[in-house]
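Peer 1: In the working numbering, each residue carries its 1-based index in the sequence shown increased by 785. Okay, handing you the structure first.
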Amino acid sequence: MIGLPGFARRVSAMVRKEFIQLRRDRVTFATMIMIPLLQLVLFGYAINTTPRHLPTAVFSHENNEVTRAILAALRNTAFFEFTREAKSEAEAEHMVRGGEVLFLVEIPAGFERALRRGEDPQLLVAADATDPVAAGNALGALAGIVGTALKQIRYVDAAGAMPFEIVQHRRYNPAGTSQLNIVPGLLGTILTMTMLIFTALSVTREVERGTLESLLSMPIHPVEIMLGKIIPYVLVGVLQAVLILGAGVVLFGV
């Protein structure tokens, strides 16, 4: 029967030994620190369901109190970053196609007159829907922003329904398929994880086999050793990227 004091002593000795080895193995320790940080940065910036500072342009067919109120509301919100007002339909289309803006708000002619008559006019929005979740949330926020602007100039009752309709035109992803956004983002995540792990394991194997000391004793610089270790896995990463992209096209139609 194993005695409890001896068992605890031996386990604590093994724990100390592992911590000592971990402190000496700087590559493994650095990998343990870097992988979570890289994943945090990748996921933190890639997964964004809350719209913030989305480049937006406005093309208005009229200049009146309503359009000025809508423009002022777009300038004073954190959801959209108002870039400029398009002067023509061709200029507005060029900004959307060129990727200068993610949203184009078009105020049609007669919008104010239709509001006065209670005819529920349409507010046209062309949205870059490559990120369908963020685009959907942004369109919902736009309705609230325009509604608040109209309430401030007393075109809408405080408790009344919105007297306008937002007509969405989703560009590049009209069906709102989430795989078109998620699968390309996973490419960076998968490559980061696999490349870091494989490179770290390669160096660790050299340490375990005792061949790293032999390499360091040769007339070769440590930087050259690391480059020789990293370059093969970079080439493997290129092959992985091709395979992942091919699988994304075949399986998900990306």
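Built from N, CA and C at the ideal position, the CB exists for glycine as well. This structure is a prediction, so every number in the text was calculated from the model and none was measured.
Quick check: Ala-912 and Arg-955, are their CB atoms within less than 7 Å of each other?
Peer 2: For this step, residue 912 is matched to residue 127 along the sequence shown. For this step, residue 955 is matched to residue 170 along the sequence shown. In contact: Ala-912 and Arg-955 (Cβ atoms closer than 7 Å).
Peer 1: From what residue to what residue does the alpha helix (DSSP H) around Phe-983 run?
Peer 2: For the purposes of this step, residue 983 is taken as the residue at position 198 of the sequence shown. Looking at the DSSP string, the run of the alpha helix (DSSP H) that includes Phe-983 is 964 to 994.
Peer 1: Please state whether DSSP places Pro-906 in a helix, a strand or coil.
Peer 2: Your numbering for residue 906 matches position 121 in the sequence shown. The answer is coil: DSSP assigns Pro-906 none of H, G, I, E or B.
Peer 1: Check whether the region 819 to 828 touches the region 958 to 977, counting contact only when three or more Cβ pairs, one atom from each stretch, lie closer than 8 Å.
Peer 2: yes
Peer 1: Can you give me the C-alpha to C-alpha distance between Leu-859 and Leu-981, rounded to a whole angstrom?
Peer 2: As a first step, residue 859 must be located in the sequence shown, where it is residue number 74. As a first step, residue 981 must be located in the sequence shown, where it is residue number 196. Taking the CA atoms as reference points, Leu-859 sits about 43 Å from Leu-981.
Peer 1: Answer with buried or exposed for Pro-1017, where buried requires no fewer than 16 other C-beta atoms within 10 angstroms of its C-beta.
Peer 2: By 1-based counting over the sequence shown, the position of residue 1017 is 232. Result: exposed.
Peer 1: In its own chain, which residues sit with a C-beta less than 6 Å from the C-beta of Met-947, not counting the 5 before and 5 after it?
Peer 2: Your numbering for residue 947 matches position 162 in the sequence shown. Same-chain partners within the cutoff: Gly-932.
Peer 1: Using the three-state DSSP reduction, which class does Val-890 fall into: helix, strand or coil?
Peer 2: Numbered from 1 along the sequence shown, position 105 holds the residue referred to as residue 890. Three-state DSSP puts Val-890 in a strand.
Peer 1: I need the DSSP call for Leu-823, collapsed to helix, strand or coil.
Peer 2: By one-based count along the sequence shown, residue 823 stands at place 38. Residue state, collapsed to three classes: helix.
Peer 1: Given a cut-off of 7 Å, decide if Thr-862 and Ile-930 are closer than it, judged by their beta-carbon atoms.
Peer 2: In the sequence shown, residue 930 corresponds to position 145, counting from 1. In the sequence shown, residue 862 corresponds to position 77, counting from 1. It is a contact, given that the beta carbons lie within the stated cut-off.
Peer 1: Are the beta-carbon atoms belonging to Val-1008 and Gln-953 less than 7 Å from one another?
Peer 2: In the sequence shown, residue 1008 corresponds to position 223, counting from 1. In the sequence shown, residue 953 corresponds to position 168, counting from 1. No, Cβ-Cβ distance for Val-1008 and Gln-953 is not below 7 Å.
Peer 1: Classify Ala-875 as buried or exposed, calling it buried when 16 or more other Cβ atoms lie within 10 Å of its own Cβ.
Peer 2: Locating residue 875 in the sequence shown gives position 90, where the first residue counts as 1. That one is exposed.
Peer 1: Is Ile-951 helix, strand or coil when you go by DSSP?
Peer 2: Looking up residue 951 in the sequence shown gives position 166. Three-state DSSP puts Ile-951 in a strand.
Peer 1: So, Ala-920 versus Ala-914, is the Cβ gap smaller than 7 Å?
Peer 2: By one-based count along the sequence shown, residue 920 stands at place 135. By one-based count along the sequence shown, residue 914 stands at place 129. Yes. Within cutoff.
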